[in-house]
Amino acid sequence: MDFNLTEERQMLQDSLRRFLRDKYDTETRNKIIDSETGFSGEIWQEMAELGVIGALFSEDDGGFGGAGFDIATVFEELGRAGVVEPILDTALLAGGLIAEIGNDTQKGMVEQIIAGEIHLALAHGEPGSRYDLSRVTTTASEVDGTIVLNGRKSVVSNGGTAGHLIVSARETGDAQDPDGISLFLVPPDTQGLLITSSQLIGGGHSAEIILDDVHIPAEARLGPKGKAFPALEHQVSRATVALCAEALGAMETAMALTIEYLGQRKQFGRPIGSFQALQHRTADLLIELEQARSITILAAGHLQDARDIRERHVSAAKHLIGRIGRQISEESIQMHGGIAMTQEYALAHFAKRIVMIDHKLGDTDHHMERFIALGAA
Amino acid sequence: MDFNLTEERQMLQDSLRRFLRDKYDTETRNKIIDSETGFSGEIWQEMAELGVIGALFSEDDGGFGGAGFDIATVFEELGRAGVVEPILDTALLAGGLIAEIGNDTQKGMVEQIIAGEIHLALAHGEPGSRYDLSRVTTTASEVDGTIVLNGRKSVVSNGGTAGHLIVSARETGDAQDPDGISLFLVPPDTQGLLITSSQLIGGGHSAEIILDDVHIPAEARLGPKGKAFPALEHQVSRATVALCAEALGAMETAMALTIEYLGQRKQFGRPIGSFQALQHRTADLLIELEQARSITILAAGHLQDARDIRERHVSAAKHLIGRIGRQISEESIQMHGGIAMTQEYALAHFAKRIVMIDHKLGDTDHHMERFIALGAA
Amino acid sequence: MDLNYSAEELAFREDVKQFLSDNLPAAFSDKVRKGQSLTKAEHEDWHAILNGRGWLAGNWPVEHGGPGWNAVERHIFEEECALAFAPRIVPFGVSMLGPVLHKFGNDAQKAHWLPRILNGDDWWCQGYSEPGAGSDLASLKTKAVREGDHYIVNGQKTWTTLGQHANMIFCLVRTDPDAKAQEGISFLLIDMDTPGIEVRPIILLDGSAEVNEVWFTDVKVPVENLVGEENKGWTYAKYLLTHERTNIAGVGFSTAGLESVKRIARAEMAGGRPLIENPHFAARLAKVEIDLMAMATTNLRVISKAAQGQAPGVESSMLKVKGTVIRQDINDLARRAAGPYALPFASEAVDGMNEPPVGPDYAAPVAAQYFNNRKLSIYGGSNEVQRQIIAKSTLGV
Amino acid sequence: MDLNYSAEELAFREDVKQFLSDNLPAAFSDKVRKGQSLTKAEHEDWHAILNGRGWLAGNWPVEHGGPGWNAVERHIFEEECALAFAPRIVPFGVSMLGPVLHKFGNDAQKAHWLPRILNGDDWWCQGYSEPGAGSDLASLKTKAVREGDHYIVNGQKTWTTLGQHANMIFCLVRTDPDAKAQEGISFLLIDMDTPGIEVRPIILLDGSAEVNEVWFTDVKVPVENLVGEENKGWTYAKYLLTHERTNIAGVGFSTAGLESVKRIARAEMAGGRPLIENPHFAARLAKVEIDLMAMATTNLRVISKAAQGQAPGVESSMLKVKGTVIRQDINDLARRAAGPYALPFASEAVDGMNEPPVGPDYAAPVAAQYFNNRKLSIYGGSNEVQRQIIAKSTLGV
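Order-wise, the sequence lines are chains A, B, C and D.
The opening position of the first sequence corresponds to residue 219 in this note's numbering, with each subsequent residue numbered one higher.
The opening position of the second sequence corresponds to residue 219 in this note's numbering, with each subsequent residue numbered one higher.
The opening position of the third sequence corresponds to residue -16 in this note's numbering, with each subsequent residue numbered one higher.
The opening position of the fourth sequence corresponds to residue -16 in this note's numbering, with each subsequent residue numbered one higher.
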């Protein structure tokens, strides 16, 4: 049993933390958020050079990490600095799928991903799918080696700016059936794709994507026909751990800002941190922050275990992060008062980011139900 | 709209409060709790003379009240004083059923009930029924004008000391079917009845009752054959409002004791009520106490409405009382510290009584589910 | 005890319903339902419609042009407006300044300003809060120095809601710098067009620009714009804070909000069934609904006492805390119910732009409203201040 | 990072399991599982069994007869004991007095008292709390006045757990009445058979009689029973409070408790299905289980640091608060799960009487345990005191 980071991860954490502390303040972030693409190519490139993306892939895939604790280390720092660049979409969701089930040609993209040269998005969610991972109604029909996609994908993070889309579509089975789902690599300029991009609360962009008779070659299929679900679930669980770690980092910053503010701000002639009611609430938040840290460690540590154990821990983590995230986010704002409501004060971003993570890859109730179901199974 | 008590109810409240303040201190109560029957016949008689029982019956039935606010007025006072006498079982559950569906002979008992001369119990719950009111597996079979009862009744409040039992049994239908349930007046000395009494936490006694070929005459049936459920549900809803009001009164006392203690008790050289963390928690409890009062008023006020409206409000009330009850009970103990854990300090009884009410006639989750189901219907 | 409204009250409720059905423009209620902001002109139109019926200033006495409602009637009116998704009455002139002028204004001030409020000639805003003064109003620093028949005002106000639309501001200013914290404060009416005033928007975390900073640099204010006595402003401010507490429980808003959540939860599918049938979501909904049932009854108890002439005491603070917690819980449920579609940022939800929304209509405003309404427990005397008031009045230590 | 136990640790865990399976009397674990109290003789038997294996005093160094375990091994032992429903080791001699004597006792005291603790010759109890002194230990009033080679002790102690079984008590007494609050306190060992000592049981709200008041009237205590220096007792008490914090998180108890709740919820039927399938109950269970998963990991993080020689800081306070809240939540679930059968009062659950239980076995103790364990957040430094420690160490104000 050892809860210390390895030397390599410690170095990556240190250098990433230093880099972001120097480069990523609230003003910079707000400019990035309001920019055309919603992210900074420059920052992206520099993070790639620091090894941030390579740390998310195993050595076999050309990276130098890829384990749960690598993911947690990177995303805790991204969360701590409030980074809005969609590394999760490119490197974990799309990149992870290519590395896991892509053929040798497709896997050639991983090197470019690690180098920070290409951006990807996973177009999976649909208007009616909510958080059900196996619900896919977009269809893929194959005729003479050509595949035709029809359907609609919703709230596709990074979908408007990605150079490559991975689109899920159903080849067989009912709408909810895990079996029968395939993944396809689709260039965004393919005819029949209508992509409408919009800003997300808390940073980043997403796209609504309509697929109207989109023709792609059969070689665009990623992995075996209709059997993509296990890989999808696996990569989503890795991304879910990343979201937990990101939220953890963001909560650390929210608490640090709150504690600093409680010490500085005076009301009725005393620092507000000297008021016992706020002290005890702060203590409760600090306790919950440790709970959030522990459940993230636990999920990261079980990411390489068998499916049921892995998913049960991941759902436990995302549930608890959602629960604690709401508490820390709301309490940080409340204990600050009005200032926390302003866009130009750092906390505003962190509070939004933490709460909106509850809307990504399953919310706290969804994962609680899943935790219960996995335990009963 | 008028939230003032009528003059009659105000008088009853005043006289009952005065009587109990004089007669019913912690030492007295603890002696009553540990006595053979678990209640004081003397106190019972005096309360009957004050009109406490008569206030629970309508004028048509020989009383002078019987409405929701009469029930709430009486039971709030009983709760405030921590009274353990099982008036609810005799007067509301059993007495209410006799008044509602009894024939003229049976109704003759109401006068005796009001006079405080007889004690009754409703033997309805069974080992597997939990809080499901329509689950009855005890059977009644009629042969030649004689009814034979077989089954088991569990946690029958006042079942060991009542002079008359009302036993529910199934004449037709499945175990969960509301239809097919009848009620029978059974003298406790009838052959085939095995009654084992035990103490309840928070005061009072209950009995486990085994019915082994218990023969009773057909005239012992209360109301029409197999059609007792609506009356049962109605009287249980009246009793549920009584429990809510009792819990409300007990919570008022718990808060009063807590507030008094916070002002007196010193720690680190200051009254502990001057510590802001406790002040804010006290404020939250006082807010919830008002919530508890309001939901009780609301349920009492809808007790005479149509079934669905009535039951929806009653379930809302019992749910909220369970939720707030736990909070006020636990927080009162916590803010007191060790002293609250001792039997001889008044709070101990109130804390227990409040929490154990959640185990009577449906707990907070049961009533939440019922509230949801009644809304969806 | 009687939980029922009287026949007169029920008839009045029907009147209000009918009036709203006849006179509330669908374009306005649509915007409110979708969480969109009204333009200045739309606000003014709605005020004019209400004023035409004599119902703009529900808490004003008849002699000043109010309808003479008691607490129950005011409650009925507010509740029906909320349920019909009517725009909020902009409170600064009608609900806040009005009562202060009724009680403390001189005859000239009453004659001049009160009709202008009803007629919509002035758009008032509030200059109370200052940077660094949050719930501790007594520590404010904006100074007014008497020079001849003017005050010269210097300082800064903040959290000035809708100040961008206003031509008038009522301010608390420090007129005696040597007095103790709560003394030496005066209540001034200031024309926003006076040279030296600058209004800068504060962008909030939901992207909205509804609050402002107002800067005063050597602003000349005629002495006749002083309300009441110099250095007694704190008294008037406290009085106003009490009057601001009308409808503090927000029962109508919560009731309407809960209906919106149910609409979303009926439309959203989760695991192949409507979300509203999901037991965990249904449980969250039921708990808030029951909390609201209880709180609405507490509110009626307070209103009923007020209609009988008893002033509400600590109950106002209780209703403030519970009322805002319930509204925030409902906002939280709405964002949960919307699922992934809560993520896209819908700028029109808050500042009146009109891009087509991403995803279902109902999802567009929910996250912004959730974040924006974090303010409910902060402003108007934070919930911490309210808890302190409740505890002090009970514990007495 | 590595969440796995080492091969040695796993082997040790197997050893402990095997030992418990071979040596823990079923009659004892049965009583623990049913929430019944052990008799004095049963407690002593269990201590003797553990001592026979050298495992009675897990936190004692080898030189004094301890097994020399590090924090991880201690944790494994405690967890396995809890999961096997082994009786708790009575902590007063082994976990509390022992470490104080190791560090502050003189050689004679060590030679005399330590073997007697291991051998079960003495049953120790604790004389810290006094009426009116709760979490504020420094305000204690029991006096010890030196007269020749004795102290004369007068005063009253309370909350003395299992004092009815004890022949020895270690006490904090005031030896310098003029010193400031936390000074002038000494640490005395007192024979309970000395004339002038009276033990009176305190009946708790669950009917149990496990705690006592102890009255001292002119009790003569030989000066050689003073531990360490006169007037330095506060230092030793603080040291002891730290040592009392071993297993402060109670992970094993909570894990075993959660299993009990699941057993009840599988057996209880609600609406025709096992209660554990009821979504609302399942949700309560899942939340606590997940809280416990996280807290157990925090606990391991602290233990792992401790095994590496780092002293736990504010984490102890965090584990105290979260650990007790989780245990209390589990007690709350157990009482809910039992339904109406939680109502009957089962006196054997707490004081060793043996009436047949009403209803299923599992239901008998749950309500009493729920009420009894309200103490968890009160004693050992109340959760309020712990929050204060956490806040102070972070906010520094």
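Backbone N, C-alpha and C fix where the C-beta goes; we use that ideal spot for every residue, glycine too.
Apart from the 5 residues on each side of it in sequence, R16 of chain C sits with its Cβ closer than 8 Å to the Cβ of F68 and S243 in its chain, given in chain order.
In this structure, DSSP gives M219 of chain B a state outside helix and strand, which the three-state scheme calls coil.
Going by beta carbons, L268 of chain D and L241 of chain D fall inside the 9 Å limit. By the Cβ criterion, the segment 460 to 477 of chain A is not in contact with the segment 432 to 445 of chain A, since fewer than three pairs of Cβ atoms, one from each stretch, lie closer than 8 Å. Residue-level contact check: E508 of chain B touches chain C, since one or more beta carbons of chain C fall below 9 Å from its beta carbon. Taking C-beta atoms as the reference points, F87 of chain C and C108 of chain C fail to come closer than 9 Å. Annotation: Cβ neighbours of P262 of chain D in chain C (cutoff 7 Å, chain order): P262 and H263. Using a C-beta cut-off of 8 Å, the segment 563 to 572 of chain A makes no contact with the segment 519 to 538 of chain A, since fewer than three inter-stretch Cβ pairs fall below that distance. Proximity of N376 of chain B to chain C, defined by a Cβ-Cβ separation below 9 Å, is not satisfied.
Under the 10 Å beta carbon count, E207 of chain D is surrounded by fewer than 16 other beta carbons and is classified as exposed. The contact set of F493 of chain B on chain A, defined by CB atoms closer than 7 Å, consists of Q494 in chain order. Under the three-state reduction of DSSP output, S191 of chain C falls in the coil class, being neither helix nor strand.
If you draw a 10 Å sphere on the C-beta of D189 of chain D, you find 16 or more other C-beta atoms in it, and that means buried. For P448 of chain B, the enclosing alpha helix (DSSP H) has its first and last residue at F447 to Q482. In the structure shown, Q228 of chain B adopts helical secondary structure according to DSSP, grouped into three states. Contact check for A463 of chain A against G284 of chain A fails: the beta carbons are separated by 9 Å or more. Inclusion of T582 of chain B and G540 of chain B in the CB contact set at 9 Å is warranted, their separation being smaller than that value. Close partners of H423 of chain A in chain B (Cβ separation under 8 Å) are lacking, with about 39 Å as the shortest Cβ gap. Using a Cβ distance threshold of 9 Å, I261 of chain B and G421 of chain B do not count as a contacting pair. Sequence-distant Cβ neighbours of L338 of chain B in its own chain, meaning closer than 6 Å and more than five residues away, are T308, A312, A380 and H382. Y563 of chain B and I557 of chain B have their alpha carbons spaced roughly 7 Å apart.
Contact annotation: the segment 358 to 374 of chain C touches the segment 300 to 311 of chain C, with at least three C-beta pairs closer than 8 Å. Not flagged as an interface residue toward chain C: T458 of chain B, since no C-beta distance is shorter than 9 Å.
M(-16) of chain C sits in coil when the DSSP states are folded into three classes, being neither helix nor strand. The way I'd put it, the segment 140 to 157 of chain C does touch the segment 184 to 203 of chain C; three or more beta-carbon pairs between them come closer than 8 Å.
At a beta-carbon threshold of 9 Å, the residues of chain D lying near S512 of chain A are M276, A277, M278, A279, T280, T281, N282, L283 and R284, ordered along the chain. Comparing C-alpha distances from T244 of chain A to each of A:L223, A:G300 and A:M229 shows the shortest one belongs to A:G300.
The Cβ of Q497 of chain A sits closer than 9 Å to at least one Cβ of chain B. For I305 of chain A, the closest alpha carbon among the candidates A:L340, A:S233 and A:H498 is that of A:L340. According to the DSSP secondary-structure assignment, W198 of chain D is paired through a beta bridge with D:Q139 and D:E181. For E587 of chain A, the uninterrupted alpha helix (DSSP H) segment begins and ends at T582 to A594. In this model, T560 of chain B and Q291 of chain D are separated by some 43 Å (Cα to Cα).
Shown here, G369 of chain A sits in a strand according to DSSP, grouped into three states. Contacts between F293 of chain A and chain D, judged by CB atoms closer than 8 Å, are missing: the closest CB pair is about 14 Å apart. Taking C-alpha positions only, G410 of chain B is separated from F257 of chain B by approximately 26 Å. The C-beta separation of S372 of chain A from G342 of chain C comes to about 7 Å, placing the pair in contact by the 8 Å criterion.
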